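Chemist:
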Amino acid sequence: MTELTGRQPAAPADGAPPLLATEKLTRHFKIGNALSRRTLHAVDDVDLAIGEREIVALVGESGSGKSTIARLLARIHKPTGGEIYFQGKPLSGLRSRAAELRYRSDVPMVFQDPFSSINPVFRVSHGVMRCLALHRPELSGQQRQEEAERVFTAVGLTPAAEVLQRFPHELSGGQRQRVGFAQALAMRPKLILADEPVSMLDVSIRIGLLNLMAGLRDEEGVSVLYITHDIASARYVADRLIVMYAGQIAESGPAEEVLASPRHPYTQLLLSAVPDPRAALAVGAETDRGEPPRVIDPVPGCRFRWRCPLAIDECHRVTPPLRPLLPGRSVACHVAQADAATEAFR
Amino acid sequence: MSRPLSDGAPGVAPAPGPADAILSVRDLSAEYVMERGTVLAVDRVSFEVGPGEFLGIVGESGCGKSTLLFAIAGLLTPPAVVSGGSVQFRGRSMVGLTDRELAAVRWKDLSVVMQSAMNALNPVKSIGAQFADALRAHGAASKEHIAGRSAEVLRMVGIDPVHLQSYPHQLSGGMRQRSMIAMALLFTPELVIMDEPTSALDVVAQRSLMVQIKELQQQLGFAVIFVTHDMSLVSHFSDRLLVMYAGQVAESGPTRRVFDTPLHPYTAGLMEAFPSIRGPRVPLTGIPGSPPNLARLPEGCRFADRCPQVMPRCLAGPPELYEVDGTLVRCFLHEEAARHD
Chain F
0 MTELTGRQPA
10 APADGAPPLL
20 ATEKLTRHFK
30 IGNALSRRTL
40 HAVDDVDLAI
50 GEREIVALVG
60 ESGSGKSTIA
70 RLLARIHKPT
80 GGEIYFQGKP
90 LSGLRSRAAE
100 LRYRSDVPMV
110 FQDPFSSINP
120 VFRVSHGVMR
130 CLALHRPELS
140 GQQRQEEAER
150 VFTAVGLTPA
160 AEVLQRFPHE
170 LSGGQRQRVG
180 FAQALAMRPK
190 LILADEPVSM
200 LDVSIRIGLL
210 NLMAGLRDEE
220 GVSVLYITHD
230 IASARYVADR
240 LIVMYAGQIA
250 ESGPAEEVLA
260 SPRHPYTQLL
270 LSAVPDPRAA
280 LAVGAETDRG
290 EPPRVIDPVP
300 GCRFRWRCPL
310 AIDECHRVTP
320 PLRPLLPGRS
330 VACHVAQADA
340 ATEAFR
Chain U
0 MSRPLSDGAP
10 GVAPAPGPAD
20 AILSVRDLSA
30 EYVMERGTVL
40 AVDRVSFEVG
50 PGEFLGIVGE
60 SGCGKSTLLF
70 AIAGLLTPPA
80 VVSGGSVQFR
90 GRSMVGLTDR
100 ELAAVRWKDL
110 SVVMQSAMNA
120 LNPVKSIGAQ
130 FADALRAHGA
140 ASKEHIAGRS
150 AEVLRMVGID
160 PVHLQSYPHQ
170 LSGGMRQRSM
180 IAMALLFTPE
190 LVIMDEPTSA
200 LDVVAQRSLM
210 VQIKELQQQL
220 GFAVIFVTHD
230 MSLVSHFSDR
240 LLVMYAGQVA
250 ESGPTRRVFD
260 TPLHPYTAGL
270 MEAFPSIRGP
280 RVPLTGIPGS
290 PPNLARLPEG
300 CRFADRCPQV
310 MPRCLAGPPE
320 LYEVDGTLVR
330 CFLHEEAARH
340 D
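Encoded structure:
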């Protein structure tokens, strides 16, 4: 059974750099045509850190920039501004193909859709073998086969030798997503970027994948950036929680603490909207339609102010910076920073 | 008393439900006829929906819930066909109606809200034009009436009527889904069938839409059949729940009852599969394995290979649907309780 009780974040208490950190990470996209040049601010000034053996959940609604962050970290997109540090070294300093390959094998990605992320014309062994040949060329053919069987067993695809010989269409959605994790694991990663890895799966098999991620952390020592819109599953598996809103971090901290006493009004709204059959229905402030903003050429000010019942004058003028509020917890909200006990939606 | 409710001769015993049902589905079967053989996607499903009732239909992908809806609304297209049973809507059979006869009923008395509003709305016509289309098809002639009614239903779902001029791409996902619901209410139908209308929405938008559907339902009095894979979503909104597994009804009963004391191991497993946002953090296991292939069904219970309480007899033959205190459950564990009922 996987350990689920409150692990403390792997804070760099001894001054060692975190496994991965970002500093003012920013990504803008140009939209419109030559006549109306506009800029979509997908990610703005994001500072986050992921420690060793830690699952960090990045939670937010669609359009909040969480997938863009995953793509920036996976080097699919180049940042517009800011820097990503891996083991203390800036990624902009990666010059050689060998260094680039090494980073990609240290920080692989698992995708959302298990039905389109595996090549349907090859056996599932194909992807794992290619990963091994590319990233661990020192292995012999025999060793590659053994390693493929080891990672398939580690993700619960047994008997591994037999499953490796199957075609993707012979596997269920949950099994295919496990293949995705096996491929990532074959590279002996330090950090797996998992972008909504369970949202396309049926409810009854999601838990199995979440348990798998916790198992990879505990047994293989891998960190996971778990990107999701489902805050309940984030709570289930994550050590730390980062809540995104409109391209910026709204709140971050140890998962249990953030959920027990959310400080940002958006986190409070998000929590109040989660359906919970075990709780009684509380019909409260239902005026919020859940319309996420598109951040195009934003002016200064808090991006949540239009939906926020607590907004004050300052929120319309000054973008609230992400500031530490309590040990390990940061909030980007003028009101919460002024009055740490404020609760809007609870 | 043990009574086979949908496995015996057709129409033997009515499923528990309101006596004056507006929709009555009896032993409905639907199959996909393919070259390699037929796949029975809906296997003798029976239920009733009373006026103003909210029925939730819950199940995983491939359990036949969408096929069931399409069969009820007369929307099945080959290779899917209704292969048995009956659907009575307001005392009239819906199976075997011609397109013309169906067209008279659809929108007016019974409307359907599809899963993806993005694909269900016409991208090259404004919302208002699409509303006008439906209104004209059912005889609304005057421009004033069309404009008035269109604005009225949009206001009902909380959208400013200026958006009648908008095209679908100019609206957010939540607004598109709301305008689909507005369109379904153009004629104040007696029954609105919804196929996962909130699954593409974020949790805040989803919650807001559910509350709105419930309010409209109470205000206008229509009945709702709401299909979803997310059981927790309907927990506070539906009156009765129908849990489907591999094409069959696994359990059916009052929503609160099903949530408080799930009888079928599958229902119990589904409830255990949701991490909770409150209370202690407990390790969950979900349900191991995956649903059976409908083209190669096992001889016994279809849930047997995933069931934590499986018995030898479960593998030998399929259980029937037993009635226990107003709840129907397809599981041998409750055969005894049903007999003593």
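Chains as they are written, first to last, in numbering that gives the first Met the number 0: chain F, 0 to 345; chain U, 0 to 340.
Backbone N, C-alpha and C define an ideal beta-carbon position, used for all residues, glycine too.
Being a predicted model, the structure only gives us computed values, none of them experimental.
Name the chain F residues that come within less than 7 Å of THR284/U, Cβ to Cβ?
Modeler: Neighbours of THR284/U on chain F, chain order: ILE206.
Chemist: Please tell me whether VAL154/F has its Cβ less than 7 Å away from any Cβ of chain U.
Modeler: With 7 Å as the cut-off, VAL154/F does not count as an interface residue toward chain U.
Chemist: Using a threshold of 7 Å, state whether the C-beta atoms of VAL191/U and SER110/U are closer than that.
Modeler: A contact, by the Cβ cut-off of 7 Å.
Chemist: Taking a Cβ distance cut-off of 8 Å, strictly less, list which residues of the segment 221-232 of chain F are near chain U, in chain order.
Modeler: So the close ones are HIS228, ASP229, ILE230, ALA231 and SER232.
Chemist: Could you check what DSSP says for ALA284/F in three-state terms: helix, strand or coil?
Modeler: Unreliable positioning characterises ALA284/F in this predicted model, as indicated by a pLDDT of 48, which lies under 50. The coordinate reading is nonetheless provided below. Coil, per DSSP.
Chemist: With distances taken from CA atoms, which of ALA97/F, GLU250/F, ILE117/F and ASP105/F is nearest LEU325/F?
Modeler: The residue with the shortest Cα to Cα distance from LEU325/F is GLU250/F.
Chemist: For PHE303/F, count the other beta carbons within 10 Å of its own beta carbon; 16 or more makes it buried, fewer makes it exposed. Which is it?
Modeler: Under this definition PHE303/F is a buried residue.
Chemist: Helix, strand or coil: which one does DSSP assign to TYR102/F?
Modeler: In this structure, TYR102/F counts as helix in the three-state DSSP scheme.
Chemist: So, is THR227/F buried or exposed, given that buried needs 16 or more other C-beta atoms within 10 angstroms?
Modeler: By the neighbour-count rule (16 or more Cβ atoms within 10 Å), THR227/F is buried.
Chemist: Mind checking which residues open and close the beta strand (DSSP E) that includes PHE110/F?
Modeler: Unbroken run through PHE110/F: none, as it is neither H nor E.
Chemist: Have a look at ASP217/F and GLU51/F and give me their C-alpha separation to the nearest angstrom.
Modeler: Straight-line Cα distance between these residues: approximately 11 Å.
Chemist: Using CA atoms only, rank isn't needed, just tell me which of GLU22/F, GLY207/F and MET128/F is closest to LYS88/F.
Modeler: Comparing Cα-Cα distances from LYS88/F to each of GLU22/F, GLY207/F and MET128/F, the minimum goes to GLU22/F.
Chemist: Would you call ASP341/U buried or exposed, if buried means 16 or more other Cβ atoms sit within 10 Å of its Cβ?
Modeler: Examination of residue 341/U is not possible in this model, given that chain U is present from 0 through 340 alone.
Chemist: Using C-beta distances below 8 Å, list every residue in its chain close to MET174/U, excluding the 5 sequence neighbours before and after it, in chain order.
Modeler: Hits under 8 Å: ILE158 and HIS162.
Chemist: Which residues in chain F have a C-beta closer than 7 Å to the C-beta of HIS168/U? List them in chain order.
Modeler: By Cβ distance, chain F contributes nothing, its closest Cβ being about 13 Å from HIS168/U, past 7 Å.
Chemist: Could you have a look at GLY126/F and say whether DSSP puts it in helix, strand or coil?
Modeler: Here GLY126/F sits in helix by DSSP.
Chemist: Determine the direct distance from the alpha carbon of VAL45/F to that of LEU101/U, and round the result to whole angstroms.
Modeler: Approximately 55 Å between the Cα atoms of the pair.
Chemist: I'd like to check one pair, GLY73/U with MET93/U: are the Cβ atoms closer than 7 Å?
Modeler: Yes; because the gap between Cβ atoms is below 7 Å, this pair is in contact.
Chemist: Could you give the distance in angstroms between the alpha-carbon of TYR321/U and the alpha-carbon of LEU241/U?
Modeler: Going by the C-alpha atoms only, they are around 14 Å apart.
Chemist: Of all the options VAL120/F, PHE114/F and ARG101/F, which has the alpha carbon lying nearest to the alpha carbon of LEU131/F?
Modeler: For LEU131/F, the nearest C-alpha among the options comes from ARG101/F.
Chemist: Using a cut-off of 9 Å between C-beta atoms, extract the partners of ALA272/F located in chain U.
Modeler: Per Cβ cutoff of 9 Å: ASP201, VAL202, VAL203, ALA204, GLN205, ARG206 and SER207.
Chemist: Starting from PHE258/U, find everything on chain F with Cβ-Cβ shorter than 7 Å and list it in chain order.
Modeler: The answer, in chain order, is PRO276.
Chemist: Checking the sheet assignment: what are the DSSP bridge partners for GLN247/F?
Modeler: According to DSSP, which records beta bridges pairwise, GLN247/F is partnered with TYR244/F.
Chemist: Along the beta strand (DSSP E) that carries GLU22/F, what are the first and last residues, could you check?
Modeler: Counting along the chain, the beta strand (DSSP E) containing GLU22/F begins and ends at 19-30.
Chemist: Is the beta carbon of VAL248/U less than 7 Å from the beta carbon of VAL44/U?
Modeler: The answer is yes: Cβ separation under 7 Å.
Chemist: Is GLY80/F buried or exposed, if buried means 16 or more other CB atoms sit within 10 Å of its CB?
Modeler: That one is exposed.
Chemist: What does the Cβ neighbour count give for GLY325/U, buried or exposed, with the cut at 16 atoms within 10 Å?
Modeler: Classification of GLY325/U: exposed, given that the 10 Å Cβ count is below 16.
Chemist: Figure out for me which residue from ALA153/F, VAL330/F, HIS76/F and MET212/F has the closest Cα to the Cα of PRO253/F.
Modeler: Taking only the C-alpha atoms, the option nearest PRO253/F is VAL330/F.
Chemist: In chain F, which residues lie with their C-beta within 7 Å of the C-beta of SER234/U?
Modeler: Neighbours of SER234/U on chain F, chain order: PRO274 and PRO276.
Chemist: Under 6 Å from any heavy atom of the ligand NAP, does the C-beta of LEU200/F make it?
Modeler: What this structure holds is no ligand at all, so the ligand NAP is not there to describe.
Chemist: For GLY55/U, name the three-state secondary structure that DSSP assigns.
Modeler: GLY55/U: strand per DSSP, three-state reduction.
Chemist: Put PRO89/F into one of helix, strand or coil per three-state DSSP.
Modeler: Three-state result, PRO89/F: strand.
Chemist: Which same chain residues end up closer than 6 Å to GLY84/U when comparing Cβ atoms and leaving out the 5 residues on each side of it in sequence?
Modeler: Closer than 6 Å at the Cβ level, and outside the excluded window around GLY84/U, lie ARG25, ASP26, LEU27 and SER28.
Chemist: Assign LEU39/U to one of two classes, buried (16 or more other C-beta atoms within 10 Å of its C-beta) or exposed (fewer than that).
Modeler: Answer is buried; the Cβ neighbour count reaches 16.
Chemist: Opposite ALA193/F in the DSSP bridges: which residues?
Modeler: According to DSSP, which records beta bridges pairwise, ALA193/F is partnered with VAL109/F and TYR225/F.
Chemist: THR157/F: buried (16+ other C-beta within 10 angstroms of its C-beta) or exposed?
Modeler: The residue in question, THR157/F, is exposed, as its Cβ has fewer than 16 Cβ neighbours within 10 Å.
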